[in-house]
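Heads up, the sequence shown is in numbering that gives the first Met the number 0, so the first residue is 0 and it goes up one at a time.
Note sheet for the following structure.
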Amino acid sequence: MERWRGGYRSTVLMGWLRRALHPRELAKQAKTEYGRAHALAERLSAGTEVLAESAQFLERTASSANDAVEKLAAVLAGGIEDVVAATPRLSDSALRGFVGGKPTDLTPGAAQLLDYASGFDGFAAQAGLWFNPPVCVSYVEGDVRLGPVNERIVEIPFVLGALAALPAGSVIADVGAAESTLSLSLASLGYRVFAVDPRGYPLSHPNITSGAATLESWECEPATLDAVVCVSVVEHLGLNAYGEGAEDDAGDAAAMQRMHSLLKPNGLLVLTVPAGPWAIEANERTYDDDHLTRLLHGWRVESSVFVTRTDDGTWVREPASVIGDKRGVMLVTARA
Ligand SMILES: C[S@@+](CC[C@H](N)C(=O)[O-])C[C@H]1O[C@@H](n2cnc3c(N)ncnc32)[C@H](O)[C@@H]1O
């Protein structure tokens, strides 16, 4: 029985082996495996292509993104250049916007510009066309205010009053004439005027002769002038206040002598100087009674009027021309 069973098993096994190893069966299996491998190879190949396409796509995208960034940067840079180029025009047109405006329109910047423009060192002054106004105004945000009133408020009328008796055609030198319209007024009133100033005189008139000259260097025949006007000048002379040259403490006295020599006998000097406790500062002197007396040595004083300032806007004529410890301006007429 056992032997029968063993025989039976061997027979089955042999049959299975014969079938499994049959060339037809082997060919069939090989075909199936080849098919699988082929399919796998095809999928791998397709995957490789997809990867290559993706890489190319990424490269193209990166390149066009780079182009876009470069273009954007160029546009921005151009834009900034345009804005910078347009800025002066923008501010210029903003400034023009103030024309026709009201004081309440004044911004701090516009007020500052107007203050600068109308000042002693502003645009007009640098062009030699600033004429020191007796009444100043100051510009502030949203308003225009009264500024200080300076000594010209009394000096100019005093000069005109002092010269009133001179007949038309009289010859007058205005020493230190720049920054003032006085020479032009005198010329327009019929006087023959020499406007003497190292900075020249910017206003012209048929009756005005001018040229850049100091009083010391001015070529003028002695004893030829009917009058000399010297408004707020002598106190500066010799101190190089206007960069006119070498310093000389006695420059004021020398100027007084020179003016004396140019005047005809009995010719008229109209002089104004700062008055107060004696001081000699970087740019000007202030004369006390003693120094004023010395300055006028050799002259026959006809009149002296002392005017003091009680506040920024008020000048008051003193009853006597004694300076003492007060401060103001002395207005003098004297004869050579
Ligand atoms: C304070 S300003 C007075 C200007 C004018 N007289 C007025 O009433 O406004 C002084 C003037 O003196 C002039 N000056 C300075 N040195 C001078 C000199 N050596 N001879 C003549 N004028 C001089 C300056 O150029 C300046 O214009």
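Glycine included, each C-beta is placed from N, C-alpha and C at the ideal position.
- Item | Assigned exposure category for leucine 330 - 16 Cβ within 10 Å defines buried | The residue is buried, with at least 16 neighbouring Cβ atoms inside 10 Å.
- Item | Complete runs of the beta strand (DSSP E) confined to the segment 199-272 [at least 3 residues] | Entirely contained in the segment 199-272, the beta strand (DSSP E) runs reaching 3 residues are, in chain order, 207-211, 224-230.
- Message: Please report the straight-line C-alpha distance between threonine 393 and threonine 31, rounded to a whole angstrom.
- Response: Residue 393 cannot be examined here, being either before or after the span of the chain that is shown, 0 to 335.
- Message: Less than 9 Å between the beta carbons of threonine 332 and valine 233, yes or no?
- Response: No, they are not a contact pair.
- Task: Give me the Cα-Cα distance between serine 90 and arginine 144, rounded to the nearest whole angstrom.
- Result: Taking the straight line from one Cα to the other gives about 25 Å.
- Give a yes or no on whether the C-beta atoms belonging to proline 276 and arginine 284 are separated by under 9 Å. Taking 9 Å as the cut-off, the beta carbon of proline 276 is found no closer than this to the beta carbon of arginine 284.
- Which residues count as close to ligand 1 when the rule is a CB under 5 Å from any of its heavy atoms, in chain order? Qualifying residues, in the order they occur: Asn131, Gly175, Ala177, Glu178, Ser179, Asp196, Arg198, Thr213, Leu214, Val230, Ser231, Val232, Tyr241, Glu243.
- Message: Using only the alpha-carbon positions, how far apart do glycine 312 and arginine 326 sit?
- Response: Across the structure, glycine 312 and arginine 326 are spaced so that their CA atoms are roughly 15 Å apart.
- In or out: phenylalanine 119 buried (at least 16 other Cβ within 10 Å) or exposed? Answer is exposed; the Cβ neighbour count stays below 16.
- So does the segment 128-145 actually touch the segment 212-226, counting three or more Cβ pairs closer than 8 Å? Because the criterion of three Cβ pairs below 8 Å is not met, the segment 128-145 and the segment 212-226 do not touch.
- Task: Count the other CB atoms, across all protein chains shown, that sit within 10 Å of the CB of methionine 0; report buried if there are 16 or more and exposed otherwise.
- Result: Confidence is the limiting factor: at methionine 0 the pLDDT is only 47, short of 50, which leaves the residue's position unreliable, though a coordinate-based value still follows. By the neighbour-count rule (16 or more Cβ atoms within 10 Å), methionine 0 is not buried but exposed.
- With 16 other CB atoms within 10 Å as the buried threshold, where does arginine 17 fall? Arginine 17 sits exposed, since fewer than 16 C-beta atoms from the chains shown fall within 10 Å of its C-beta.
- Item | C-beta contact flag for serine 179 and valine 230 at 9 Å | Judged by their CB atoms, serine 179 and valine 230 are nearer to each other than the 9 Å cut-off.
- Same chain, Cβ closer than 7 Å to aspartate 114, neighbours up to 5 away in sequence not counted: Around aspartate 114: Ser137, Tyr138.
- Query: Would DSSP call valine 170 helix, strand or coil?
  - Reply: Secondary structure at valine 170: strand, using DSSP grouped into helix, strand and coil.
- Query: According to DSSP, is arginine 17 helix, strand or coil?
  - Reply: Note: arginine 17 maps to helix in three-state DSSP.
- Task: Rank Ser92, Leu238, Ala176 by C-alpha distance to the C-alpha of threonine 208 and give the top, closest one.
- Result: The residue with the shortest Cα to Cα distance from threonine 208 is Ala176.
- Apart from the five residues on each side of it in sequence, which residues of its chain come closer than 6 Å, Cβ to Cβ, to isoleucine 322? Only residues of its own chain outside the window of five on either side were considered, and among them Ala274, Asp287, Asp288 have a CB closer than 6 Å to the CB of isoleucine 322, listed in chain order.
- Item | At least three beta-carbon pairs within less than 8 Å, the segment 147-167 to the segment 181-189 | Enough Cβ pairs lie closer than 8 Å, so yes.
- Item | Same chain only: Cβ atoms within 8 Å of leucine 75, ignoring 5 sequence neighbours per side | None.
- Task: In the DSSP assignment, find the unbroken beta strand (DSSP E) run with threonine 103 in it and report its ends.
- Result: Note, threonine 103: premise wrong, no beta strand (DSSP E); not H, not E.
- Query: In whole angstroms, what separates the C-alpha of arginine 35 from that of alanine 72?
  - Reply: In a straight line, the C-alpha of arginine 35 is about 55 Å away from that of alanine 72.
- When the Cα of proline 133 is compared with those of Ile152, Glu220, Gly121, Ala116, which residue comes out closest? Restricting attention to Ile152, Glu220, Gly121, Ala116, the CA atom closest to the CA of proline 133 is found in Ile152.
- Message: Using only the alpha-carbon positions, how far apart do proline 201 and glycine 250 sit?
- Response: Cα atoms of proline 201 and glycine 250: separation of roughly 25 Å, rounded to the nearest angstrom.
- tyrosine 138 by DSSP, collapsed to three states: which one? Under the three-state reduction of DSSP, tyrosine 138 is assigned to strand.
- Drop a sphere of 10 angstroms on the beta-carbon of glutamate 301, count the other beta-carbons inside from all chains shown, and report buried for 16 or more, exposed for fewer. Exposed: under 16 other Cβ atoms inside 10 Å.
- Residue range of the alpha helix (DSSP H) that includes glycine 160: Taken as a continuous stretch (DSSP letters only), the alpha helix (DSSP H) holding glycine 160 covers 151-162.
- Mapping DSSP to helix, strand and coil, what is threonine 60? In the displayed model, threonine 60 falls within a helix according to three-state DSSP.
- Query: In three-state DSSP terms, what is glutamate 301?
  - Reply: In this structure, glutamate 301 counts as strand in the three-state DSSP scheme.
- Message: Can you look up isoleucine 279 in the DSSP assignment and give me helix, strand or coil?
- Response: Of the three classes helix, strand and coil, the one that applies to isoleucine 279 here is strand, per DSSP.
- Item | For threonine 180, three-class secondary structure by DSSP | In the three-state reduction of the DSSP assignment, threonine 180 falls in the coil class, being assigned neither a helical nor a strand state.
- Task: Give the secondary structure of aspartate 91 by DSSP, where H, G and I count as helix, E and B as strand, and everything else as coil.
- Result: Here aspartate 91 sits in helix by DSSP.
- Message: Mapping the DSSP letters down to three states, classify tyrosine 342 as helix, strand or coil.
- Response: Here the chain comprises residues numbered 0 to 335, so residue 342 is not present and cannot be evaluated.
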